[in-house]
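Let me begin by presenting the structure, written as structure tokens, before commenting on it.
In UniProt numbering, the protein residues as written are 1 to 315.
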């Protein structure tokens, strides 16, 4: 895969058959990938200043943290099959000052990623705006690739969703309807016993806003999806056999497992809003399970994968 393809992995027509070739539809044994979230260039300064509505005029800290993440991931042996960034790539909202500079500097920091590790981008609320419009979605797609799409890797079907269309699509209802129709078709095909397409070993979902933080019946919050939307998605995901949903947005680690569906909320590469450290999540996929563990950037750089995870990869 060429370096340019690695950095800006775009899916024409919002879907592509795999990270490399159609062979990705086949299960060939355990593998792992990296889930990261919220580099959000500019938030650390804005948070300290108490002006999170502003774009943050400084973001050198987040650039350095992103470079540290890239360095730690490049050292891993074996290599991860891909790295997914679950939204809020930058802090400046569409059309605000500093946006262009933040996007440029994040791309530059990510260019150090080993070309053998594809990068998958997920849209967040700061990437699209809290109330996205057709224009802000188009802007995002131009810079980072489609806002929702599917891909296969090692026999696993991965669905990347635009969670802002679930949260507030009042300014672009037609885009929400399009994603809904696409998602329903993806879930239906993946779970159909009569489908001629390969049956995925697992189905994984990546989005920015979590379905919930701790419990499916928790109250609505800025950091989760509304209960009616949440329950609808939970029911559909469980019916289709989705194994796990990975998200960010909370800037803290959280989540839970209910009804066999794992909700994984990972803290940030960038600004921390709780007691967690800057880090990323290692996700090991075996024939039967999806095992994940959060690592600080320093832990991952210093020691790599834990031995028990390495053993799972050798099974």
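Every residue gets a Cβ at the ideal spot worked out from N, C-alpha and C, and that includes glycine.
- Taking a 10 Å sphere around the C-beta of residue 174, we find fewer than 16 other C-beta atoms and assign the residue as exposed.
- For residue 295, the pairing in a beta bridge is given by DSSP as 280.
- At a Cβ-Cβ threshold of 9 angstroms, residue 231 and residue 216 count as neighbours.
- Shown here for residue 315: same chain residues with a beta carbon closer than 7 angstroms to its own, the five before and five after excluded, namely 30, 286 in chain order.
- The continuous beta strand (DSSP E) containing residue 86 extends over residues 83 to 86.
- Residue 254: member of the beta strand (DSSP E) spanning 254 to 258, first to last residue.
- Taking the CA atoms as reference points, residue 162 sits about 6 angstroms from residue 147.
- With a beta-carbon spacing of about 11 angstroms, residue 282 and residue 312 fall beyond the 8 angstroms limit used to define contacts.
- With the rule of 3 Cβ pairs closer than 8 angstroms, the stretch 71 to 85 does not count as touching the stretch 43 to 52.
- In its chain, beyond the 5 residues on either side, 155, 201 have a beta carbon closer than 6 angstroms to the beta carbon of residue 27.
- The stretch 95 to 109 makes no contact with the stretch 296 to 307; the number of CB pairs closer than 8 angstroms stays below 3.
- Rounded to the nearest whole angstrom, the CA to CA distance from residue 254 to residue 273 is 12 angstroms.
- Per DSSP, residue 262 is one residue of the beta strand (DSSP E) stretching across 261 to 265.
- Between the C-alpha atoms of residue 190 and residue 123 there is a straight-line separation of about 23 angstroms.
- Secondary structure of residue 208 (DSSP, three-state): coil.
- Taking the C-beta atoms as reference points, residue 236 is found no nearer than 9 angstroms to residue 68.
- By the C-beta criterion, the stretch 290 to 299 is judged to be in contact with the stretch 253 to 268, since at least 3 inter-stretch pairs fall below 8 angstroms.
- Residue pairing of residue 202 in beta bridges, as defined by DSSP: 156.
- Comparing C-alpha distances from residue 266 to each of 214, 219, 53 shows the shortest one belongs to 214.
- Between residue 121 and residue 85 a beta carbon distance of about 6 angstroms is seen, short of the 8 angstroms cut, so the two are scored as contacting.
- In this structure residue 296 is in contact with residue 277, their Cβ atoms being roughly 4 angstroms apart against a cut-off of 8 angstroms.
- In the same chain as residue 33, and ignoring 5 residues on each side of it, the C-beta atoms closer than 6 angstroms to its own belong to 80, 81, 82, 283, in chain order.
- One alpha carbon belongs to residue 193, the other to residue 22, and they sit about 21 angstroms apart.
- Residue 219 counts as exposed, since fewer than 16 other beta carbons sit within 10 angstroms of its beta carbon.
- For residue 119, DSSP records a beta bridge to 83.
- Between residue 70 and residue 112 the beta-carbon gap is near 5 angstroms, inside 8 angstroms, which marks them as a contact.
- Non-local beta-carbon contacts of residue 125 in its own chain, meaning distances under 6 angstroms to residues more than five positions away in sequence, involve 164 in chain order.
- Remark: C-beta atoms of residue 64 and residue 271 do not approach each other more closely than 9 angstroms.
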